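Undergrad: Protein chains in written order, with our numbering: chain Y, 372 to 1088; chain Z, 145 to 281.
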Amino acid sequence: MKKLFCRTAAGLVLLLAAVSLDAQNAQTIHEVGQQYKEGNPLQGAQDNRVIGSEAMFEANLKAKKNIVDMKPNTFLAMWNNPVFAVQFEKYLSAPAETSEDYTLYTQRLQRIMDLLAPGNATKSNQDEAFNLLTKASQFESDANICTTIHDAVYAAANVRVLVRNLTDANQQNLRDLKTAEYNQLNSALSLALPALAPGKNDVDVYKDMEKEVQAAKLDPSKAEVSALKQTIQKNKAQIATAEVQAKFQLQALILQLFVQRRYQHVIILDRFYRAIFDDGDQSLEQFNQMADRMGYNKEAGQAKITADAAPTGAIASGAADNAHPGVGASAGTGGGAGGGAGAGVGTGYYGGGMNAMALSGSGMNLGVENLSVESAQNALSTAMRTASRTFKSLSQIDSVSNEIIRDVNEGVKVYKFLLGKDEMESAASQLAAVFSKGEYLPSVRTLSQEDKRKTLAYAQLCNRLVNAANSGNIDVLSDVVEQMKKMNPGFDDAEIHAKLQGVKTASSLLVAQAKVAAAKGDLQSVQTEITRAAALWPNNPELQTFSAEISRVSEKASPQVKALADFDMLHGQGNYRRIFDERERYIAAVAVDDSDKKAARQAKLREVMDRMQEIEGAIMRSQEISRRGDPTGAWEGLEIAFEKYPDDPKLTQMRADLTTQAPDFVNDIRQAKENEGRKEYGEALTWYLQAQGRYPMSDLAKQGIQRVVRQIAPDAN
Amino acid sequence: MSRQRKNRGFPAWMLILAVALVVVAGYVLFKHADGSTSLRTVEELDPNLYCSNANSLRGNTYRIDAEINAALGNSPSKGRLFSVMLHGGRQGDRQVILPVLVPTSLGKLTIQKGQHYLMKVNVGEGGLLIVEEARKP
């Protein structure tokens, strides 16, 4: 055993020396790992600790949040967004909307769009389209958006009527003003002067009279002119305000629908807008001015969105509740989401921009932090300003919506084509992009469940990949990556595999470092390194091997440790005979024991030795007496030791053997003891006397007699 | 020749001697008959029965014919403890040895090793034999 231990230690020393020479230039985990593979396992312990730390930092999946942060491909990158993943999986699992209701709904929307199309938007077609809005709104898929549009258009049309009425009224007021001014002039000219000049003393009185006459004649006409002027100005101001407000409301609703990815509704409302405000002004000037005028409360901060639930309703109601009641009312959605919806508009729009990322804009509105009236207003203000900088006219929105509809329809066709070619990653990415752009468009909603099935399986696998990466269990991750590769040969797993290999190498390095520490007897470092290695790769086979090796080596390399452990165990069991039999081993181990248990172990060992020496002495004396042909005396010698140490196996065995050689004496003693125990001292004394009669030299009998006599007559001498 | 006196009667000295002999014999017989009468009616102790279950004999009185073996102790209050060997009582090939307590009431009795006594004993508490009467045979 000693030879093996020496060889192991020497081997490790040589190994350390060799590595410190060969691997001096290895600065990274990859370099060290490569050297380790090539047979140059380790550098010095200190260097290894540095490398191990680097490996932990580099390879720890949790520290990197998750492995898909590296964006190995587009689809995985999308799955990195849990909100999107949930929404998309729900879509993939849902059946296609091929019901008659949905078909009728899409037909009605299309009919409305056709009626309002440039060149078709006659007065009667506008009315028909307006009436169809309420019918289209009856379908669940519409989410009452058509009703919202209907109400908004109705309100805007009423404003137009009001403007027209005010304009007519002002024209009449102008005419009346001109008449009043004319009458005033005539009144001034018709003032009657006195025929005779007043006397010198009556000049002042004359002037006063003249003023009174002038006032009596001109004041009514002056008041009429002034009132007319005021009315005209007031009407002009009301005309301007009402039109601006109506335009703003419609423009805001159009932008909101765009953010909600309700592109067909955007186009419908845009066309109604053009029909209502036929003055040729297509700019978003009113919206932009309104956005610029909105303040930003820096102290309130920005509302923060934390999750997603019902994006469309939330956005609409938020605007209604917090900033501009008009906008909210026109949206027509419930107030359940409260101010949080308002925050959703802002953040969503930031994240989305105007093109493909519209999903983010509508899909992140479940939980809101820092929600207050002020923060919601800030969010709305920010969203409006962003929108005003993005779009300059309604034509832009209209064209972008049309472009997105076309793009989505084309994307669905491309998806089907890629699916047919078994190019899963591209197909899934295409579908995810299409879904994010136009979730509510007919071509997306009517995609059959069969067409979505493969992508669903692929998506679930991606979900597992993300979860496995987040869990840090690289064995599960490897398994999922293999499955993905099998399902989609085009899956780019190179970076993930590189990462996994890095983790495995790091774990192996830590195991190797633990071996070095073990060879040095540094148990603390062994524990630390093994824990780190297991944290990186729990199922690392080297861990199992190391565990078995360390058990074996520890027994061989440290007999002292093993001996101390055995001593503690045997003493706990009360197996003092075994300790005595191997006393040289335990005496040596306890002598060099450097733990804090040394004193206690020494005391225990001393106690065991004293005890066993007494037992062994009794046995030796008994054997000697027996050899002289005195089995009774031999038994008696053992019996005295047995009373003190009844659990020694050797003593017990010898006593049993001798009992058969002096049965009468043994019987006498036992009877005597039994009666003594029962306090039958007369009988006990009789038996002791019998025993003494058989074996006059018996100490047991003599002592027994003395004891019993003392019991019978305590004052006996 | 002279004629010797042949029928002179029983000589007086012989008569006195005879009377004296009768008196001495009567005295001896009287004395002897008086000592053995009290133990003759007492049952002899069965040593085997005593050794097997002395407690069951408690309160009984027995007669033993024993030789003093050894003095075990001397208590001023309780008396003297002796071990005695029963005459004729054997267990297997060995003589039976029993402990007896000679109470203080028999304190005048001179007892020493090797003396032979007839004893009247009572089985007392704990099976101890308490001597009630002791007499040399």
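For glycine and all other residues, C-beta sits at the position ideal for the given N, C-alpha and C. Predicted model, so just to flag it, every value in this text is computed and none were measured.
Measuring only the C-alpha atoms, how far is V275 of chain Z from E1010 of chain Y?
TA: Taking the first residue of the second sequence as position 1, residue 275 of chain Z is located at position 131. Taking the first residue of the first sequence as position 1, residue 1010 of chain Y is located at position 639. If I take the Cα positions, the gap works out to 35 Å.
Undergrad: Quick check on the burial criterion: 16 or more other C-beta atoms within 10 angstroms. Buried or exposed for T826 of chain Y?
TA: Counted from its first residue, the first sequence places residue 826 of chain Y at position 455. Looking at its Cβ environment, which holds 16 or more other Cβ atoms inside 10 Å, T826 of chain Y is buried.
Undergrad: Decide yes or no for the touch test of the stretch 198 to 211 of chain Z against the stretch 1051 to 1058 of chain Y: beta carbon pairs closer than 8 Å, at least 3 of them.
TA: Between the stretch 198 to 211 of chain Z and the stretch 1051 to 1058 of chain Y, the count of C-beta pairs closer than 8 Å reaches three or more; the two stretches touch.
Undergrad: Would you list the residues sitting across from V166 of chain Z in a DSSP beta bridge?
TA: Residue numbering aside, residue 166 of chain Z sits at position 22 when the second sequence is read from its first letter. Answer by DSSP bridge pairing: none, since V166 of chain Z is not bridged.
Undergrad: Give me the DSSP bridge partner(s) of H521 of chain Y.
TA: Position 150 of the first sequence, counting from 1, holds the residue named residue 521 of chain Y. H521 of chain Y pairs with nothing; no bridge assigned.
Undergrad: Could you tell me whether any Cβ in chain Z is nearer than 8 Å to the Cβ of N1088 of chain Y?
TA: Working through the first sequence from its first residue, we reach residue 1088 of chain Y at position 717. Closer than 8 Å: yes.
Undergrad: Give the straight-line distance between the Cα atoms of Y898 of chain Y and S922 of chain Y, rounded to the nearest whole angstrom.
TA: The sequence position of residue 898 of chain Y within the first sequence is 527, counting from 1. The sequence position of residue 922 of chain Y within the first sequence is 551, counting from 1. Checking the sequence, you will find Gln at residue 898 of chain Y rather than Tyr. Distance between the alpha carbons of Q898 of chain Y and S922 of chain Y is about 14 Å.
Undergrad: If we define contact as Cβ-Cβ less than 8 Å, is I212 of chain Z a contact residue for chain Y?
TA: One-based indexing of the second sequence puts residue 212 of chain Z at position 68. I212 of chain Z does not count as touching chain Y.
Undergrad: Report yes or no: do the stretch 237 to 253 of chain Z and the stretch 161 to 172 of chain Z share at least 3 C-beta pairs separated by less than 8 Å?
TA: no
Undergrad: So, helix, strand or coil for K792 of chain Y, using DSSP?
TA: Numbered from its first residue, the first sequence carries residue 792 of chain Y at position 421. Here K792 of chain Y sits in coil by DSSP.
Undergrad: According to DSSP, is R1065 of chain Y part of a helix, a strand, or is it coil?
TA: Translated into positions along the first sequence, residue 1065 of chain Y becomes position 694. In this structure, R1065 of chain Y counts as helix in the three-state DSSP scheme.
Undergrad: Just list the beta strand (DSSP E) runs in the stretch 217 to 244 of chain Z, keeping only unbroken ones of 3 residues or longer that don't cross its boundaries, in chain order.
TA: 223 to 235
Undergrad: Since V637 of chain Y contacts I516 of chain Y with CB under 8 Å, what's their CB separation in whole angstroms?
TA: Here residue 637 of chain Y refers to the residue found at position 266 when the first sequence is read from its first residue. Here residue 516 of chain Y refers to the residue found at position 145 when the first sequence is read from its first residue. With 8 Å as the limit, V637 of chain Y and I516 of chain Y do not qualify as a contact, their Cβ atoms being about 10 Å apart.
Undergrad: Please identify the residue among Z:V246, Z:L216, Z:G268, Z:P220 whose C-alpha is closest to the C-alpha of Y194 of chain Z.
TA: The sequence position of residue 194 of chain Z within the second sequence is 50, counting from 1. With distances taken between Cα atoms, Y194 of chain Z lies closest to Z:G268.
Undergrad: What number of angstroms, rounded off, separates the C-alpha of S772 of chain Y from the C-alpha of Q543 of chain Y?
TA: Here residue 772 of chain Y corresponds to residue number 401 of the first sequence, with the count starting at 1. Here residue 543 of chain Y corresponds to residue number 172 of the first sequence, with the count starting at 1. Near 44 Å, if we compare the C-alpha coordinates of Q543 of chain Y and S772 of chain Y.
Undergrad: Can at least three beta-carbon pairs, one atom from the stretch 247 to 254 of chain Z and one from the stretch 1025 to 1034 of chain Y, be found at a separation below 8 Å?
TA: no
Undergrad: Counting only beta-carbon atoms, is K1050 of chain Y nearer than 8 Å to chain Z?
TA: On the first sequence, residue 1050 of chain Y is found 679 positions in, with the first residue counted as 1. It does: the Cβ of K1050 of chain Y has a partner Cβ on chain Z nearer than 8 Å.
Undergrad: Looking at the structure shown, is K257 of chain Z part of a helix, part of a strand, or coil, going by DSSP?
TA: The residue labelled residue 257 of chain Z in the question sits at position 113 within the second sequence. Looking at K257 of chain Z - three-state DSSP - the assignment turns out to be coil, as it is neither helix nor strand.
Undergrad: Please confirm whether A198 of chain Z has its beta-carbon closer than 8 Å to some beta-carbon of chain Y.
TA: Working through the second sequence from its first residue, we reach residue 198 of chain Z at position 54. Yes, because at least one Cβ of chain Y sits closer than 8 Å to the Cβ of A198 of chain Z.
Undergrad: If you drop the 5 nearest sequence neighbours on each side, which residues of the same chain put their C-beta closer than 6 Å to that of A1072 of chain Y?
TA: By 1-based counting over the first sequence, the position of residue 1072 of chain Y is 701. Apart from sequence neighbours up to five positions away, the residues of its chain that approach A1072 of chain Y with a beta-carbon distance below 6 Å are Y1059, A1062, Q1063, ordered along the chain.
Undergrad: I'd like the list of long-range same chain contacts for T538 of chain Y, defined as Cβ closer than 7 Å, with 5 residues on each side in sequence excluded.
TA: Within the first sequence, residue 538 of chain Y is the residue found at index 167, counting from 1. Here the set comprises I610.
Undergrad: Give every residue of the same chain whose Cβ lies closer than 7 Å to the Cβ of E953 of chain Y, excluding the five residues on either side of it in the sequence, and list them in chain order.
TA: Along the first sequence, read from residue 1 onward, the residue named residue 953 of chain Y stands at position 582. Excluding positions up to five away in sequence, the list is empty.
Undergrad: Tell whether a beta-carbon distance below 8 Å holds between V524 of chain Y and F619 of chain Y.
TA: Residue numbering aside, residue 524 of chain Y sits at position 153 when the first sequence is read from its first letter. Residue numbering aside, residue 619 of chain Y sits at position 248 when the first sequence is read from its first letter. No; because the gap between Cβ atoms is not below 8 Å, this pair is not in contact.
Undergrad: Taking the beta carbon of G809 of chain Y as the centre, do at least 16 other beta carbons fall within 10 Å, making it buried, or is it exposed?
TA: One-based indexing of the first sequence puts residue 809 of chain Y at position 438. With 16 or more Cβ atoms within 10 Å of its Cβ, G809 of chain Y is classed as buried.
Undergrad: Give a yes or no on whether the minimum CB-CB distance between G1064 of chain Y and chain Z is below 8 Å.
TA: Working through the first sequence from its first residue, we reach residue 1064 of chain Y at position 693. It does: the Cβ of G1064 of chain Y has a partner Cβ on chain Z nearer than 8 Å.
Undergrad: If we require 4 or more residues per run, which alpha helix (DSSP H) segments fall completely within the stretch 771 to 836 of chain Y?
TA: 795 to 809, 813 to 816
Undergrad: So with CB distances below 7 Å, who are the chain Z contacts of I1076 of chain Y?
TA: The count along the first sequence starts at 1 and reaches residue 1076 of chain Y at position 705. The answer, in chain order, is L216.
Undergrad: Write down the C-beta distance between D964 of chain Y and R977 of chain Y rounded to the nearest angstrom, noting that I regard them as a contact closer than 8 Å.
TA: Numbered from 1 along the first sequence, position 593 holds the residue referred to as residue 964 of chain Y. Numbered from 1 along the first sequence, position 606 holds the residue referred to as residue 977 of chain Y. About 14 Å; that fails the 8 Å criterion.
Undergrad: Would K578 of chain Y be called buried (16 or more neighbouring beta carbons within 10 Å of its own) or exposed?
TA: Start at 1 with the first residue of the first sequence, and residue 578 of chain Y comes out as number 207. Its Cβ having fewer than 16 others within 10 Å, K578 of chain Y is exposed.
Undergrad: So, with DSSP's three-state summary, where would you put K857 of chain Y?
TA: As a working note, residue 857 of chain Y is residue 486 in the first sequence. In this structure, DSSP gives K857 of chain Y a helical state, which the three-state scheme calls helix.
Undergrad: So L183 of chain Z packs on L250 of chain Z, CB below 8 Å; how close in whole Å?
TA: Along the second sequence, read from residue 1 onward, the residue named residue 183 of chain Z stands at position 39. Along the second sequence, read from residue 1 onward, the residue named residue 250 of chain Z stands at position 106. The pair is not a contact, with the Cβ atoms about 15 Å apart (cut-off 8 Å).
Undergrad: Buried or exposed: which applies to S997 of chain Y, given that a residue is buried once 16 or more other Cβ atoms fall within 10 Å of its Cβ?
TA: In the first sequence, counting from the first residue as 1, residue 997 of chain Y sits at position 626. Buried is the call here.
Undergrad: Run through chain Y and tell me which residues come within less than 9 Å of I241 of chain Z, C-beta to C-beta.
TA: The sequence position of residue 241 of chain Z within the second sequence is 97, counting from 1. Per Cβ cutoff of 9 Å: T1057, L1060, Q1061, Q1063, G1064.
Undergrad: Tell me the DSSP secondary structure of R1041 of chain Y in three-state form.
TA: Against the first sequence, residue 1041 of chain Y aligns to sequence position 670. In this structure, R1041 of chain Y counts as helix in the three-state DSSP scheme.
Undergrad: What three-state label does DSSP hand K433 of chain Y in the structure shown?
TA: Along the first sequence, one-based indexing puts residue 433 of chain Y at 62. Confidence is the limiting factor: at K433 of chain Y the pLDDT is only 43, short of 50, which leaves the residue's position unreliable and the question unanswerable from this model.
Undergrad: Provide the residue span of the alpha helix (DSSP H) that contains V874 of chain Y, from first to last.
TA: Position 503 of the first sequence, counted from the first residue, corresponds to residue 874 of chain Y. Counting along the chain, V874 of chain Y sits inside the alpha helix (DSSP H) bounded by residues 865 to 890.
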